[in-house]
Structures are given as structure tokens and as C-alpha cells.
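Numbering (our numbering), first residue to last: 378 to 453. Notes follow once the structure below has been shown.
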């Protein structure tokens, strides 16, 4: 579930292993590039943490972030 805190939408995803986590990140990267809206994220083994904020809106959460979060959810 996405949480809004400190002007960011944040969610952590856990996968079976690193390969599955990296595959997910690849799908997210392609979707984000298509939108021109790129997440801040980190990956440690099977865990991917994503933070969404809109830089053009003074680093606040906008509809663009909510749209990308819905797309990301569809990729899990």
C-alpha cells in the first residue's frame, strides 16, 4: 500500500529473489520513461523501495505521482 509522507508517495515491494526484483524494476523503468516521470528508488536483494514526488511541483505529490503509482501496482 502506498503511503504519503514528507511530500512523497512511498511503497516497499518484496520479491522472491534479486532476479524477480530487478525484473520488476526494469518494467517500472520502461513505464516511467514513457511518462517522463522517474522515481527515486533503492534495491537491496529482493526488496525495492520507491518514492514518488514531482520535481516540477516543488517536490510535492501530484496526480502524476498517483498515476505512476497505479501503473507500478499493475506491474507487480
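For glycine and all other residues, C-beta sits at the position ideal for the given N, C-alpha and C.
In the DSSP assignment, what are the bridge partners of residue i?
i           : result
residue 448 : Note: residue 448 sits in no beta bridge, so no partner.
Run through DSSP, which three-state label would residue i get?
i           : result
residue 430 : coil
residue 439 : coil
residue 393 : coil
Note down the Cα distance separating residue i from residue j, rounded to an integer number of angstroms.
i           : j           : result
residue 435 : residue 426 : 22 Å
residue 379 : residue 421 : 19 Å
residue 439 : residue 385 : 9 Å
residue 388 : residue 414 : 16 Å
Which one of the options has the shortest CA to CA distance from residue i?
i           : options               : result
residue 417 : 442, 400, 447 and 395 : 442
residue 430 : 424, 445 and 423      : 445
Contained alpha helix (DSSP H) runs [length at least 4] in the stretch 394 to 428, N- to C-terminal order: 395 to 412
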